[in-house]
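Student: Numbering (my numbering), first residue to last: 773 to 903. A virtual CB, placed ideally from N, CA and C, is assigned to each residue, including glycine. On a predicted model such as this, the values are computed, not experimentally measured, just so you know. One structure, pasted below without further comment.
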């Protein structure tokens, strides 16, 4: 037979053991977020870089680009989600130095889905800041 203190401890443990399981099932879990990192590299030829309106002002140039996006996605509820992200991108032209582009920014997107299934309508509210 077990001593009384061990039996009492076992009873308390069996009473408290389901509490974390119930909390995990009933409460939304923002700590269980999906993290993503996306890197995109591109190269190409653009025919009218300065957007000239006649042949004399049209300039062709090759470019190389890179984009990086890192984000975190939280499922707030059954139909609500939040995406927070940081992005940076750059485009470098080989011949036209004045058209080089470098930018960085922050983004937050709140999404609400009206119903179940892949084709249910969705409403997104997005806030972005780019520099």
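Span of the beta strand (DSSP E) holding residue 835?
Tutor: Position 63 of the chain shown, counted from the first residue, corresponds to residue 835. Segment 833 to 847, the beta strand (DSSP E) holding residue 835.
Student: Per DSSP, residue 884 forms a beta bridge with which residues?
Tutor: Counted from its first residue, the chain shown places residue 884 at position 112. In the DSSP output, where bridge partners are listed per residue, residue 884 has 852 and 895.
Student: Nearest CA to the CA of residue 902: which residue from 876, 885, 889 and 894?
Tutor: Along the chain shown, one-based indexing puts residue 902 at 130. Nearest of 876, 885, 889 and 894 to residue 902, Cα basis: 876.
Student: Out of 878, 856, 817 and 872, point me to the one whose CA is closest to residue 833's CA.
Tutor: Here residue 833 refers to the residue found at position 61 when the chain shown is read from its first residue. The shortest C-alpha separation from residue 833 is found at 817.
Student: Looking at the strands, I want to know which residues DSSP matches up with residue 862.
Tutor: Taking the first residue of the chain shown as 1, we reach residue 862 at position 90. DSSP output for residue 862 lists 838 and 874 as bridge partner(s).
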